[in-house]
Amino acid sequence: MRYLLRRSLHAVFLLLGVSLLTFLFSALAPGNYFDEMRLNPQISPETVAALRAQYQLDRPLPVRYAHWLNAVAHGQMGFSFAYNSPVAPLLWARARNTLLLTVTATLLAWLLALPLGVWSAARFGRAPDRVISWTTATLLVIPDLVLALGLLIIAVRTGWFPTGGLTSVGFEEMSPLHKLRDLAWHMTLPVIALVLATLPTLVRHVRASVAEVLEAPFLRAALGHGLPHTKLLYGYALRAAANPLISLFGFSVGTLLSGSLLVEVIMSWPGLGPFLLEAILARDLYVVIGGVLLSMIFLVAGNLFADVLLYWADPRIRTAVSAK
Amino acid sequence: MTPILEVKNLHVAYSARAGEICPALVGVNFVLGPGEILGVLGESGSGKSTLAASLLQLLPLNGKIQQGEILFEGKDLLRVSPQELRRTRGGRIGLIFQEPSSSLHPTIQVGRQLTDVLSAHESLDRRTLREKTSQLFAAVFPTGAERISRSYPHELSGGQRQRVLIAQAIACRPSLVIADEPTASLDPTTQREILLLFRTLRQKFSLAMIFITHNPSLLTDLADRILVLYAGRVAETGPTAKVLSSPKHPYTEALLQCLPSHLREDQNMRKARLHVIAGDPPNLSLPAKGCLFEPRCTQRMEVCKGSEPPPFTVSELHEVSCFKFAG
Amino acid sequence: MQPLLRVDKLVKHYAAGRSAGSRDKLVALDGVSLSIAPQSTLALIGESGSGKSTLALCIACLEHPTSGSIWFEGIDVAALHENQQRKFRPRIQLVFQDPARSLNPRWTALEIASEPLIVRQDTSKQERENKALELLDCVAIPRRLASQRAHELSGGQKQRLAIARALALEPKLIILDEALSALDCSVQAQISNLLLELQSSFGLTYLFITHDFAMAAHLADQIAVMDRGRIVESGPAENVLRSPSHQVTRSLLAATLPITETPGVGLEL
Numbered sequence: 006m007r008y009l010l011r012r013s014l015h016a017v018f019l020l021l022g023v024s025l026l027t028f029l030f031s032a033l034a035p036g037n038y039f040d041e042m043r044l045n046p047q048i049s050p051e052t053v054a055a056l057r058a059q060y061q062l063d064r065p066l067p068v069r070y071a072h073w074l075n076a077v078a079h080g081q082m083g084f085s086f087a088y089n090s091p092v093a094p095l096l097w098a099r100a101r102n103t104l105l106l107t108v109t110a111t112l113l114a115w116l117l118a119l120p121l122g123v124w125s126a127a128r129f130g131r132a133p134d135r136v137i138s139w140t141t142a143t144l145l146v147i148p149d150l151v152l153a154l155g156l157l158i159i160a161v162r163t164g165w166f167p168t169g170g171l172t173s174v175g176f177e178e179m180s181p182l183h184k185l186r187d188l189a190w191h192m193t194l195p196v197i198a199l200v201l202a203t204l205p206t207l208v209r210h211v212r213a214s215v216a217e218v219l220e221a222p223f224l225r226a227a228l229g230h231g232l233p234h235t236k237l238l239y240g241y242a243l244r245a246a247a248n249p250l251i252s253l254f255g256f257s258v259g260t261l262l263s264g265s266l267l268v269e270v271i272m273s274w275p276g277l278g279p280f281l282l283e284a285i286l287a288r289d290l291y292v293v294i295g296g297v298l299l300s301m302i303f304l305v306a307g308n309l310f311a312d313v314l315l316y317w318a319d320p321r322i323r324t325a326v327s328a329k
Numbered sequence: 652m653t654p655i656l657e658v659k660n661l662h663v664a665y666s667a668r669a670g671e672i673c674p675a676l677v678g679v680n681f682v683l684g685p686g687e688i689l690g691v692l693g694e695s696g697s698g699k700s701t702l703a704a705s706l707l708q709l710l711p712l713n714g715k716i717q718q719g720e721i722l723f724e725g726k727d728l729l730r731v732s733p734q735e736l737r738r739t740r741g742g743r744i745g746l747i748f749q750e751p752s753s754s755l756h757p758t759i760q761v762g763r764q765l766t767d768v769l770s771a772h773e774s775l776d777r778r779t780l781r782e783k784t785s786q787l788f789a790a791v792f793p794t795g796a797e798r799i800s801r802s803y804p805h806e807l808s809g810g811q812r813q814r815v816l817i818a819q820a821i822a823c824r825p826s827l828v829i830a831d832e833p834t835a836s837l838d839p840t841t842q843r844e845i846l847l848l849f850r851t852l853r854q855k856f857s858l859a860m861i862f863i864t865h866n867p868s869l870l871t872d873l874a875d876r877i878l879v880l881y882a883g884r885v886a887e888t889g890p891t892a893k894v895l896s897s898p899k900h901p902y903t904e905a906l907l908q909c910l911p912s913h914l915r916e917d918q919n920m921r922k923a924r925l926h927v928i929a930g931d932p933p934n935l936s937l938p939a940k941g942c943l944f945e946p947r948c949t950q951r952m953e954v955c956k957g958s959e960p961p962p963f964t965v966s967e968l969h970e971v972s973c974f975k976f977a978g
Numbered sequence: 110m111q112p113l114l115r116v117d118k119l120v121k122h123y124a125a126g127r128s129a130g131s132r133d134k135l136v137a138l139d140g141v142s143l144s145i146a147p148q149s150t151l152a153l154i155g156e157s158g159s160g161k162s163t164l165a166l167c168i169a170c171l172e173h174p175t176s177g178s179i180w181f182e183g184i185d186v187a188a189l190h191e192n193q194q195r196k197f198r199p200r201i202q203l204v205f206q207d208p209a210r211s212l213n214p215r216w217t218a219l220e221i222a223s224e225p226l227i228v229r230q231d232t233s234k235q236e237r238e239n240k241a242l243e244l245l246d247c248v249a250i251p252r253r254l255a256s257q258r259a260h261e262l263s264g265g266q267k268q269r270l271a272i273a274r275a276l277a278l279e280p281k282l283i284i285l286d287e288a289l290s291a292l293d294c295s296v297q298a299q300i301s302n303l304l305l306e307l308q309s310s311f312g313l314t315y316l317f318i319t320h321d322f323a324m325a326a327h328l329a330d331q332i333a334v335m336d337r338g339r340i341v342e343s344g345p346a347e348n349v350l351r352s353p354s355h356q357v358t359r360s361l362l363a364a365t366l367p368i369t370e371t372p373g374v375g376l377e378l
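Chains as they are written, first to last, in our numbering: chain W, 6 to 329; chain Y, 652 to 978; chain Z, 110 to 378.
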C-alpha cells in the first residue's frame, strides 16, 4: 500500500515538473499567436493589443503559470486562441478519437503477439521460428510512414476501404448499427497500420523472453513432472517471462495518446496528433501545453500501472520492497 | 521377479557447436527390481546426470539418445507415444532434480506447483486436489505445512525446497523415483532427514529409487546396490556393502581411498596427504581406445590399452568392467 | 605465542522487518570469540544460518561489525577507518564455495591470478604476468591452461585458481568458506593436499569453514562449533570429535553417521 502511495506521489511531482517545463518552453519560444495578426494590415495594432491583454499575454510568466495551474485544478485547461474556445473540450474530443484507434490497435497487437511469440519461442531455431523472425525484422525495417502509405494506396486502388477520415458523409442520419459499421470501416486501415507498426517489436520481445525461460531448470523440472504442453508454455513459461513484458505493456499504455501521430496524419484521422501539430505551428500556447500534459499523464499512468502490475505479479519484488 | 526398470545398451551423446559428437554414456546396462534402491556413484563428467535425464528423455537440445532400450514395467520408453511418455513422467516415474533453488517456478506458490503435478495426472475436482495437496505437504513437513504451502520458493530454505520437490515427485504414487544429487546443497542434519525420508518412503510404499550422487558415504545403509560410473561407462555394479568395503574396480578403490574417513582408520593420520587419483578425467570428445581409466590406473596392464573391458562377473550380482577379472 | 587472529565478543546485527527503521533486527553474530595460532588451522563448523559466513566477511573486513573487536597481528582491524583497513585486506584473503560464481567466467586464468597484483602500483604488466604464472605453478595448474577462460576449466581447476588468486598478495590468513563442499571427492582430496602443502611452504594460517566433519577432522588443529551466532564449543580437534560436550556438536556429529536402523521420519499418506 505504502509503495503505491509513494509511487503515486512521485507521479504527481513528475507531472508538475513536466507541466512547468512545457509551459516555460512554449512561452519562451519566439513568437506568439498574435504575431501573424500583427502582420495583417487590416487589423489595427490596438485590436491586437486588446486581444493580447484579453488573453493575458502581457502578464509575467510566473503569474500566467499560476493561473493556468489553478485552472487545471478546476478541470479547465486554458483557452485556445485559434478556435476561440476552451481547450479542454477540444482536447477531449480529439483524444477520444485517438484512443479509439490506439486502444483497439494495442489490444489487437498484444493479443496477437503473445501466442505468436510463445509459438515461435517453442520452435526456436527451427523453420517456423525463422519465418516469424524474418517477417518481424522486415516489418521493423519498413518505416511506419511507408506502411501507412502502402495501405492508403491499397484503399485507393481497390476502393474497399475509405481513404481517410472518421466517418462517411451522412453519418448523422445513419441508424446506430450502421454508424457502428461505418466507424469500423473507417478504423480498419489505421488500426492495421498501427498493429503492423507495433506488432513486430512485441513479438520479438515475447519470443526472446519466453525462449530464455524455456532453458530454465524449473521448466525442465515441470516437463519432468509430466505437465501438459499448454500449461508449460502459458502457465509456467510465459508467466516466468512476464516481468519484461509487463514493463513493455506499461510502455504500450503510456504511448496510447502519443504513438499514432504519423498514422493519423496520413490517414486523415481527426485525432490528437494532427491537432497538436497545428497548434504548435500556430503557437496556440494553451492547446500545446494541454495536449502535452495529457500525453504525459498517460505516460506516467502507464509506468505506474506497470509498476503496480509488476508488484502484484512477482512475489520476489514484493519481498524486496518490504525489506527496504 | 520382473524388474521394474531395465536399461539395455544405452548410448547418449551431446553435439558441440563445431559439429563434434561427445559421447556421454556408452553401453550402459543395468536392472532395477521393484522396491530396490540403486545408488549411482559418479563424479563430474561421469555421465550420471545424463543418465537421469535420458531415462525420461529430458536431455537438452544438443543431447541425443543414439541407441538402447529403456524398459519400464515392460514397455520401452524410447518407443512409446508422446502422450504415454507424458503420463509416465511424474505419474509413474517421479523425478527429483538437482538444484532445489532453481527447480521450482519462482512466482507460483509451492502448494500450487504441487497441485499442478497432481492435476496433470489425475482428474479430480478442486476440493479433492486441495485435500491431497495438504496431505502431501503435511507428510513432508511435520510443522508449518499450511504456511509453507502458500509460500514462494524464494521464501523457503534449501531444505524446505528440497522437501517440496520430493513431495512433487511422489505425489502421484509412482513406482520409481529418480533422485539426482538430492542432498547436494544441504546441511548435514537436513541431509540426514532427507535420507531418512527416502528410506521411509521405500519401506512404506515399496518405492524403487535411483539415487545419484558423487558422495559414497550417502549410500551406506540406503542403497541396496551401487553402480559406479566412470567416463560414461559402467565400471562396477554390486551390493552396496561389497562395493564399499571391498571394491573391485581400480577406480572405485581409488575413489574410496580419497575419502578422509578412509585415512582415519589408520591411527592419527591427521594432516597427512590424502590419496588422490593421479591425472585428470578423460576428454570424452576424443576417440576412445582401450579402457578409459587406464591412464590413471595403478594396476594397468598391456591389454587395457587395446580394448574396452566388458563386464566380468566377480560374484553373485557383482560385475566389474576390468581386465583384472577376465577369465 | 600471540595468536595471529583473535576475535573478541563480535556482534553483528542486520536490520530486518517490513519497514526501514523498524526495531526488528537479525542477529547474525551474538558475541563470538575465538583465536587462531599462527600457521595453524581452525575449522569452524555450523549449519546454514549459524553465522559462519557473516563471521568470515567481518574478519576479512568486508562487513562492519556492530560491536566487538578483531585483533589481527595485534591490531584491532574492526576499529580502523576504511582507509587504514585497506592496508590489512591483502593479509586476509577469502576463498569461496562456488568458483563458478567467484571467478569471472570470461577472464583467462592468467588475468584472474594477476588481478590482485594491480594493487601493487609499482609493478609492470610483465612482472605481474610472471608472478601470476608462478602462482599457477604453486597450485599445480599447468601453464598451458593460463590462457583458458575460467568457464572452460574444471571445478577443481577453478578452485585452484581461486586459491592462486588468494595467494597473490602474500596473505597471512586465508579464510576458506566451504571451499571444498562443491567439489567431487577425488578433487577434494587433491585440493586438501594442496592446502596442506601451501600451509607448510608459505606459513599460512587457515580458517576453514565447513559442515563436513570428516574433512575438518583431517585438516584442522582446532575446531570451533557455531550455532545461532555463538560459538558453543571449541578446542583441539581430537577432543571436540572424541568427546563433544555441547548438544549441538553432538547432533552435528550424529548427522554424519550412516543412517542405521533409526526409526524413519513419520510419513502418513
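Quick reminder that beta carbons are idealized off the backbone N, C-alpha and C, glycines included.
Predicted model, so just to flag it, every value in this text is computed and none were measured.
Straight-line Cα distance separating residue j from residue i
i, j, result
"Pro214/Z", "Ile221/Z", "10 Å"
"His969/Y", "Pro890/Y", "7 Å"
"Ala298/Z", "Leu14/W", "60 Å"
"Ile716/Y", "Arg321/W", "38 Å"
"Glu844/Y", "Ser157/Z", "15 Å"
"Arg921/Y", "Glu217/W", "49 Å"
"Thr358/Z", "Val334/Z", "7 Å"
"Thr888/Y", "Leu870/Y", "13 Å"
"Gly122/W", "Ala245/W", "14 Å"
"Ala34/W", "Val293/W", "12 Å"
"Leu858/Y", "Val682/Y", "15 Å"
"Phe205/Z", "Glu287/Z", "7 Å"
"Thr864/Y", "Gly696/Y", "12 Å"
Terminal residues of the alpha helix (DSSP H) in which residue i lies
i, result
"Phe256/W", "247–259"
"Arg101/W", "92–127"
"Gly155/W", "149–163"
"Trp190/W", "181–219"
"Asp139/Z", "Note, Asp139/Z: premise wrong, no alpha helix (DSSP H); beta strand (DSSP E) at 134–145."
"Trp139/W", "132–146"
Minimum Cβ-Cβ distance from residue i to chain Y less than 7 Å
i, result
"Pro320/W", "yes"
"Leu378/Z", "Reliability of the predicted coordinates at Leu378/Z is poor, the pLDDT of 33 falling under 50, and the value obtained from them is presented with this limitation in mind. Yes, Leu378/Z lies at the interface with chain Y (some Cβ there is under 7 Å from its Cβ)."
"Leu219/W", "no"
"Met335/Z", "no"
"Pro222/W", "yes"
Within chain Y, partners of residue i - CB distance below 9 Å
i, result
"Cys247/Z", "In chain order: nothing, as chain Y lies at least about 17 Å away."
Closer than 8 Å at the beta carbon, the chain Z residues around residue i
i, result
"Leu906/Y", "Cys294, Ser295"
"Thr840/Y", "Glu156, Ser360, Leu361, Ala364"
Contact with chain W by residue i, beta-carbon distance below 7 Å
i, result
"Phe748/Y", "yes"
"Gly741/Y", "yes"
Chain Y residues whose Cβ lies nearer than 7 Å to that of residue i
i, result
"Ala226/W", "Phe748, Ser754"
"Gly255/W", "Within chain Y, no residue comes near Gly255/W; the closest Cβ sits about 18 Å away, beyond 7 Å."
"Tyr241/W", "His756"
"Leu250/W", "Ordered by position in chain Y, no residue passes the 7 Å Cβ test against Leu250/W, which lies about 13 Å from the chain."
Contact list for residue i against chain Y, beta-carbon separation under 8 Å
i, result
"Ala32/W", "Simply none; closest approach about 48 Å."
Residues that residue i contacts on chain Z, provided the C-beta gap is smaller than 7 Å
i, result
"Pro825/Y", "None at all; the shortest Cβ gap to chain Z is about 13 Å."
7 Å Cβ cutoff, residue i in contact with chain Z
i, result
"Arg843/Y", "yes"
"Val927/Y", "yes"
Continuous beta strand (DSSP E) stretch holding residue i: start and end
i, result
"Trp216/Z", "First-last for Trp216/Z: undefined, no H or E at that position."
Task: Inter-stretch contact (C-beta, 8 Å, three-pair minimum) for the segment 138–147 of chain W and the segment 233–242 of chain W - done: no
TODO: Answer yes if the segment 237–251 of chain Z comes into contact with the segment 178–185 of chain Z, meaning at least three C-beta pairs across the two stretches below 8 Å, and no otherwise.
DONE: Segments in contact, no.
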